[in-house]
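> Taking the working numbering, the leading residue of the sequence shown gets 41, the next gets one more, and so forth.
Note that beta-carbon positions come from the ideal geometry of N, C-alpha and C, so glycine has one too.
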Amino acid sequence: MSTAAKRSRDRERYHEKMRTDPVWKESEKIRLAKLHSPAKKAKWRKNNPDKHNATCARHRAKKCSAPGDGLSGEQRKQLIDDAKGICSYCGKFYKHLTLDHVIPLDHGGAHDISNLRVACRSCNSSKGTKILYEEWTPPKDRPLTSNTNKGNLEDI
């Protein structure tokens, strides 16, 4: 018997027991409530922030039907640690960094390590779903503008 057939059989047995045995059904509800309690989930998220963020990113990518292999919590942590707190867009040091898709998922970008850059929250949110260098230029690559000379050159 194949694994899929066994799962299907076990699922059917589970639902049959839920329909026919009220005592078992009540104990199963209590067991599941303890297993999936909000307090337990919050504690896990607090203890595993990289895994939680990687899971959320995978979920967003899946909703966009984005190609790519994704990345694990360990890979995410390694990328951020390798940046040593430096945003790849503005070059400034930050305590908390995020991962940004160079080609956004909405524009067909892959949820893959090759399409990710470490960015500060400010750069990541200002970039949003814009394509790098086509619709958005990083702060460190923008031309410097001077506000000191607003009048005509003839006035000098």
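For tyrosine 54, is the classification buried or exposed, using 16 other Cβ atoms within 10 angstroms of its Cβ as the cut-off for buried?
Your numbering for residue 54 matches position 14 in the sequence shown. It counts as exposed.
> According to the Cβ coordinates, are glycine 108 and asparagine 88 closer than 9 Å?
Here residue 108 refers to the residue found at position 68 when the sequence shown is read from its first residue. Here residue 88 refers to the residue found at position 48 when the sequence shown is read from its first residue. Not a contact, by the Cβ cut-off of 9 Å.
> For alanine 159, which of helix, strand or coil comes out of DSSP?
Within the sequence shown, the letter at position 119 stands for residue 159. For alanine 159, the secondary structure class from DSSP, reduced to helix, strand or coil, is strand.
> In three-state terms, what does DSSP make of lysine 69?
Translated into positions along the sequence shown, residue 69 becomes position 29. In this structure, lysine 69 counts as helix in the three-state DSSP scheme.
> Determine, using beta carbons only, whether serine 128 and alanine 82 come nearer to each other than 9 Å.
Position 88 of the sequence shown, counted from the start, is the residue given in the question as residue 128. Position 42 of the sequence shown, counted from the start, is the residue given in the question as residue 82. No, the Cβ-Cβ distance between serine 128 and alanine 82 is not below 9 Å.
> May I ask whether a heavy atom of the ligand PLP can be found less than 8 Å away from the beta carbon of lysine 167?
This structure does not include the ligand PLP; it has no bound ligands of any sort.
> State the Cα-Cα distance for the pair lysine 74 and aspartate 61, rounded to the nearest angstrom.
On the sequence shown, position 34 is the one that residue 74 refers to. On the sequence shown, position 21 is the one that residue 61 refers to. Between lysine 74 and aspartate 61, the C-alpha separation is close to 20 Å.
> Distance check for tryptophan 176 and lysine 170, CA to CA, integer angstroms please.
By 1-based counting over the sequence shown, the position of residue 170 is 130. By 1-based counting over the sequence shown, the position of residue 176 is 136. Roughly 6 Å between the two C-alpha positions.
> Look up glycine 108 in the DSSP assignment and say whether it is helix, strand or coil.
In the sequence shown, residue 108 corresponds to position 68, counting from 1. DSSP places glycine 108 in coil when its eight states are reduced to three.
> I'd like to confirm the pairing. Which residues does DSSP put opposite threonine 138 in its beta bridges?
Position 98 of the sequence shown, counting from 1, holds the residue named residue 138. Note: threonine 138 sits in a beta bridge opposite Ala159.
> Just reading off the alpha helix (DSSP H) that methionine 58 is part of, what are its end residues?
Along the sequence shown, read from residue 1 onward, the residue named residue 58 stands at position 18. It spans 43-60 - the alpha helix (DSSP H) in which methionine 58 sits, taken as one unbroken run.
> Given lysine 57, which residues of its chain have a CB within under 7 Å of its CB, disregarding the five upstream and five downstream residues?
One-based indexing of the sequence shown puts residue 57 at position 17. Around lysine 57: Trp64.
> Near alanine 123, which residues of its chain fall below 8 Å by C-beta distance, leaving aside the five closest residues on each side in sequence?
Position 83 of the sequence shown, counted from the start, is the residue given in the question as residue 123. So the list reads Leu137 and Val158, once near-sequence residues are dropped.
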